[in-house]
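Taking it in order: structure first as structure tokens, then the write-up.
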Amino acid sequence: MLNFSMKRLFILCLFLVFAFQNEGISQVKNAKHVILIGFDGLGSYAIPKATMPNLKKLMESGSHTLEARTVLPSSSAVNWASMLMGAGPTAHGFTEWGSKTPEIPPYEITKYGLFPSIFSVIRDQKPTAKTAAIYTWDGIGYLIEKDAIDLVYNGEKEELNIAKAIEVIQEGETTFMFLHLSEPDGVGHNIGHDTPEYYKELEAVDIKIGKLVAAVAAAGLADETIIMLSSDHGGVEKGHGGKSLEEIYIPWVISGPGVKVNHEINDLIMTYDTGATIAWILGLDMPKSWGGKPVEDSFQSF
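For the sequence shown, the residue numbers in mature numbering (1 follows the signal peptide of the UniProt record, and there is no 0) are -19 to -1, 1 to 283.
Below you can see the structure in the form of structure tokens.
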């Protein structure tokens, strides 16, 4: 028979196992917060030529590739959905630039009404964790499981969304935040990609990156926050959606505790690997319907 001390130890072990199964164990030491920043229409082709010191510093402080790939078509709704849902369009069903409802029946639907995303994965496995979705483009609202998210904010103007994101950072309570910003896509459509005006807009984009990174540092959260940055597509002339590398190559940047420093990722990264990587960081089980894989090459070995 077990003595009293052994019984107590046994009960404690069972409690810890139960707690870990329900809350998830972070795969990355000290990673308590994940921020995913998505810039609409930010093509990888432009970054080497652009004046973007804050982005390039973020790349140097972590791991990156400029050859991550979109799904097809290389346009907005289908790719934002894929990024957050850990799977491609034939699984989640959103297939077009402005999809508001799935054009293909999703492989599965959660109790929140859509194909499972990183938001419902967090809500179901870490019910006490706080999440936030802040976005500029109205189309994002059709792609997220709003009932699974603590804060949903559509400020319409980028300045309002950045201010709200900084407010969330300062509170220091949110486990995962997705921030969507609409530029440089507007300049790409109205004036053109790979134009002087597009590169000028990238300087403004870089200032926004600097503000967000500085907010994390000012809140004293730099040592426990992973910042990820990516895009939905690039572009050619005034459009996108095609099969050229200028359209399908997107940046994929990650920096923070446990991330390799000044590391260029050579593995293939698809945009739906983003959701899988976030789930992996937070120690969560991925839905079987997800096709994404965590980008483990970004992280140090422990």
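Think of the CB as a built atom: it goes at the ideal place given N, C-alpha and C, for glycine as much as any other residue. None of these values were measured; they are calculated from a predicted model.
DSSP-derived helix/strand/coil call for residue i
i: residue 40; result: helix
i: residue 269; result: coil
i: residue -4; result: Interpretation of residue -4 is limited by its pLDDT of 41, a score under 50 that renders its predicted location unreliable; the figure taken from the coordinates is listed afterwards. Note: residue -4 maps to helix in three-state DSSP.
i: residue 152; result: helix
i: residue 256; result: helix
i: residue 250; result: coil
i: residue 303; result: No answer is possible for residue 303: the residues shown for the chain start at -19 and end at 283.
i: residue 279; result: helix
Neighbourhood of residue i by C-beta distance below 6 Å, restricted to the same chain and skipping five residues each side
i: residue 353; result: Since the first residue shown for the chain is -19 and the last is 283, residue 353 is missing from the structure and cannot be characterised.
i: residue 274; result: 254, 257
i: residue 88; result: 72, 270
i: residue 249; result: none
i: residue 96; result: 66, 73, 87
i: residue 36; result: 187, 190
i: residue 210; result: 18, 234
i: residue 134; result: 115, 145
i: residue 75; result: 58, 59, 62, 83
i: residue 251; result: 50
i: residue 142; result: 115, 117, 136
i: residue 104; result: 129
Spatial distance of residue i from residue j (CA atoms)
i: residue 171; j: residue 29; result: 23 Å
i: residue 137; j: residue 54; result: 25 Å
i: residue 277; j: residue 81; result: 32 Å
i: residue 260; j: residue 99; result: 7 Å
i: residue 49; j: residue 18; result: 15 Å
i: residue 10; j: residue 177; result: 42 Å
i: residue 246; j: residue 208; result: 16 Å
i: residue 44; j: residue 83; result: 33 Å
i: residue 69; j: residue 78; result: 14 Å
i: residue 47; j: residue 212; result: 11 Å
i: residue 123; j: residue 41; result: 35 Å
i: residue 139; j: residue 38; result: 22 Å
i: residue 117; j: residue 162; result: 6 Å
i: residue 229; j: residue 52; result: 8 Å
i: residue 267; j: residue 184; result: 37 Å
i: residue 202; j: residue 120; result: 31 Å
i: residue 16; j: residue 194; result: 10 Å
i: residue 180; j: residue 14; result: 31 Å
i: residue 244; j: residue 224; result: 28 Å
i: residue 242; j: residue 22; result: 26 Å
i: residue 231; j: residue 64; result: 12 Å
Sequence-distant residues of the same chain with beta carbon closer than 7 Å to residue i, five excluded per side
i: residue 93; result: 101, 126, 128, 129
i: residue 2; result: Reliability fails at residue 2, whose pLDDT of 43 lies under 50, so the model's placement of it is uncertain and the value that follows must be treated cautiously. Cβ neighbours of residue 2 beyond the five flanking positions: none.
i: residue 182; result: 164, 165, 168
i: residue 91; result: 97, 101, 126
i: residue 12; result: 205, 207, 237, 238, 239, 262
Same chain, Cβ closer than 8 Å to residue i, neighbours up to 5 away in sequence not counted
i: residue 227; result: 24, 26, 174, 175, 215, 216, 217
i: residue 33; result: 183, 184, 186, 187, 190
i: residue 31; result: 180, 183, 184, 187
i: residue 281; result: 239, 240, 241
i: residue 192; result: 143, 147
Threshold first: 4 residues or longer. Then list the alpha helix (DSSP H) segments lying entirely within the region 21 to 96, N to C. 34 to 41, 57 to 66, 70 to 73
Using 8 Å as the cut-off, can you tell me whether the region 206 to 224 makes contact with the region 167 to 181, which would need three or more C-beta pairs spanning the two stretches below that distance? yes
Only counting runs of 3 or more residues, tell me where the beta strand (DSSP E) segments fall wholly within the region 166 to 227, in order along the chain. 206 to 212
Taking only runs that begin and end inside the region 87 to 148, name each unbroken alpha helix (DSSP H) of 4 or more residues, in chain order. 99 to 106
Stretch pair the region 185 to 200 + the region 45 to 62: three plus CB contacts closer than 8 Å: no
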